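Student: Final position of the sequence shown in the numbering used here is 369; the numbers increase by one with none missing.
From the three backbone atoms N, C-alpha and C, an ideal C-beta is built for every residue, glycine too.
Model, not experiment: these values are computed from the prediction.
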Amino acid sequence: MDMTLRNKELLYLSDKTEMTLKRFIIILVVVVGFKAQAQDPIFTQSNYIQETINPGFSGFEDSDRIAAGILSRTQWPNLDLRVDTQYAYVNKSYDYGPSLGFGVGVNFLRQHEAFNNYNYYQLNVNYAHRVNLNGGWYFRPALEVGLGFKDIGFSNLTLADQININSGVVNAVSVDPLRNTADNVFFGDISGGFVFEKEAFNGLAYWFGVSAKHLNRPNISFVDGKELPLDIFYSLHGNFRFPFMNDYSIMTTVNYMQQGEYNRLDIGALFMVNQFLIGVTAATNPAKNDSNSHMLTSINGFLGLEYTAFRFGLSYDMNTSKIGRTNGVYEISVTYLSRCRRCKTDRSRKR
C-alpha cells in the first residue's frame, strides 16, 4: 500500500515537473527567441482583399461606396503550432467632383497561437487621398495609425522555483526575475502606402501599390527595459485585369513582401466566370534563409462566389516544403460592396 502511494506521488511529481519544463521552454521561446516570431500575419487572400496590406485601398471603389469584409485564417491545424488569425475592415469613399476624393476606414486584427497561448490584437484607422492625374491615372497616398496589444498570459505560467519537488506543493509566489520584469505590451503603430491606378478601358484595368507598416518601429519586447523594435514590413504589389472570351476576365496578381531578413513573393491568377471565381497562387521564398528552405513553399487555391453585393471566398494552402504533415492553411472570407449610387450603371468591383 505504501509502495503504491509512493509510486503515485512520484508519477504526480513527474507530471508536474514535465508541465513546468514545458511552460519554462515556452516562456524562453517567447522572451529570448521572439524576434524570429515577430512577423506580421499574411493572408493568402490579401491578393484579392488588399486592405490587409495597404491603407491606400480605403475608398478604392470610389462613388461613395462602402466596402467591408471579414477574413478568418487557420494555419497548421494538425500541429501543436496552430495559429488562428481574424481580420475585419470597413471603409467608405467620398467623392466631391473630379478634383476631390478620399476614403476613410477602420480595421481590426486578432491572432492566437495555440503553442504558447499568445494573443495579438490591433485596431487601426486610415485615410487615403485621391489625386486625379492625366490620362486616366489616379494616385492614392494613405496613412494608417493604430494601437497594438500583445498578451502572453504571464500570470498563468508556473515557473520552476514555485514547485517543491519533495512535497509536490506549488507555491503561489515566484522570485524568478522574469515574473517581475515581464509584462504584456501596448504600442502605437504608424503605417503608410500609396496606389497608382489606371482607369478601366475596354476591359483593361491595372494598378500597383507600395506600403510600409510599422514606420515608427514600435518596441514589442515583453521584458521591461529591453528593446525589440518591430521590423518594418514592406510590400510591393500589383494587379492586371483583362477580358477573356468576351464575357469573362482574368486578373493576374503579384505581391512581394519583406520584413527583416525574411521575404515572400506571391504570383497568381484569378479567373472570373460570371459570378464564379477560381484562383491559384504560388507562394515562394526568394531569400531561402537556410539550407533547408524551399523556393516554392505552397500552392494556394481559391474558390469564390459573388451573390448580389456579397463575395464569398474559400482558400486552401497546400504545403510543398518538408515541414511535415500540417493539414495546410485554410481561409474563409465574406466581403461586401454597396451599390454604386453615382454611376449610370451599377458597375462591378474593380478587384
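#1: Is the segment 147-163 touching the segment 74-90 in the sense that three or more CB pairs, one from each, lie closer than 8 angstroms?
#2: Quick one: residues in its chain with C-beta nearer than 8 angstroms to the C-beta of Val-352, no 5 flanking neighbours on either side, listed in chain order?
#3: Are the beta-carbon atoms belonging to Glu-79 and Ser-111 less than 8 angstroms from one another?
#4: Which whole runs of the beta strand (DSSP E) in the segment 202-274 are 3 residues long or more, in chain order?
#5: Measuring only between beta-carbons, confirm whether Glu-215 sits less than 8 angstroms from chain B.
#6: Could you name the residues of the same chain whose beta carbon sits closer than 6 angstroms to that of Phe-320, not counting the 5 residues immediately before and after it, in chain order?
#7: What does the Cβ neighbour count give for Thr-62, buried or exposed, with the cut at 16 atoms within 10 Å?
#8: Output needed for Asp-249: all residues of its chain with C-beta closer than 6 angstroms, excluding positions within five of it in sequence on either side, in chain order.
#9: Taking 6 angstroms as the limit between beta carbons, can you name the residues of its chain near Gln-140, skipping five residues before and five after?
#10: In the DSSP assignment, the beta strand (DSSP E) including Arg-329 goes from what residue to what residue?
#11: Grouping DSSP H, G and I as helix and E and B as strand, with all else coil, what is Gly-1?
#12: Tell me whether Phe-204 is buried or exposed, calling it buried when 16 or more other Cβ atoms sit within 10 Å of its Cβ.
#13: Does the beta-carbon distance from Phe-240 to Asp-201 come in below 8 angstroms?
#14: Report yes if the CB atom of Thr-299 is closer than 8 angstroms to the CB atom of Thr-315, and no otherwise.
#15: Suppose only complete runs of 4+ residues qualify. What are the alpha helix (DSSP H) ranges in the segment 285-312, listed by chain order?
#16: Taking the Cβ atom as the reference point for each residue, do Asp-207 and Pro-236 lie within a distance shorter than 8 angstroms?
#17: In its own chain, which residues sit with a C-beta less than 7 angstroms from the C-beta of Trp-225, not counting the 5 before and 5 after it?
#18: Starting from Glu-279, follow its DSSP beta bridges and name the residues at the other end.
#19: Using the three-state DSSP reduction, which class does Gly-69 fall into: helix, strand or coil?
#20: Contact defined as beta carbons within less than 8 angstroms: I believe Met-269 pairs with Leu-288. What is the distance between those atoms, to the nearest angstrom?
#21: Within the segment 61-127, note down every full beta strand (DSSP E) run reaching 3 residues or more, in order along the chain.
#22: Starting from Ser-351, trace the beta strand (DSSP E) both ways and give me its first and last residue.
#23: With a CB to CB cut of under 7 angstroms and the five nearest residues on each side skipped, what residues in its chain are close to Ser-427?
Tutor: The short version:
#1: yes
#2: Gly-87, Ile-88, Phe-328, Arg-329, Phe-330 and Gly-331
#3: yes
#4: 203-219, 222-231 and 251-262
#5: Annotation note: the requested chain B is absent from the structure, which comprises a single protein chain.
#6: Gly-297 and Ser-333
#7: So Thr-62 counts as buried.
#8: Gln-277 and Gly-278
#9: Here the set comprises Leu-127, Gly-164 and Gly-166.
#10: 328-337
#11: With the chain covering only 19 through 369, there is no way to say anything about residue 1.
#12: Under a 10 Å Cβ-count criterion, Phe-204 is classified as exposed, with fewer than 16 other Cβ atoms of the shown protein chains found around its own Cβ.
#13: yes
#14: no
#15: none
#16: yes
#17: Val-213, Phe-214, Glu-215, Lys-216, Gly-256 and Asn-257
#18: According to DSSP, which records beta bridges pairwise, Glu-279 is partnered with nothing at all.
#19: Note that residue 69 corresponds to Glu in the displayed sequence, not to Gly. It is helical.
#20: The beta carbons of Met-269 and Leu-288 sit about 4 angstroms from each other, so the pair counts as a contact at 8 angstroms.
#21: 84-93 and 101-113
#22: 347-355
#23: Given that the chain is displayed from residue 19 to residue 369, the structure contains no residue 427 and the question cannot be resolved.
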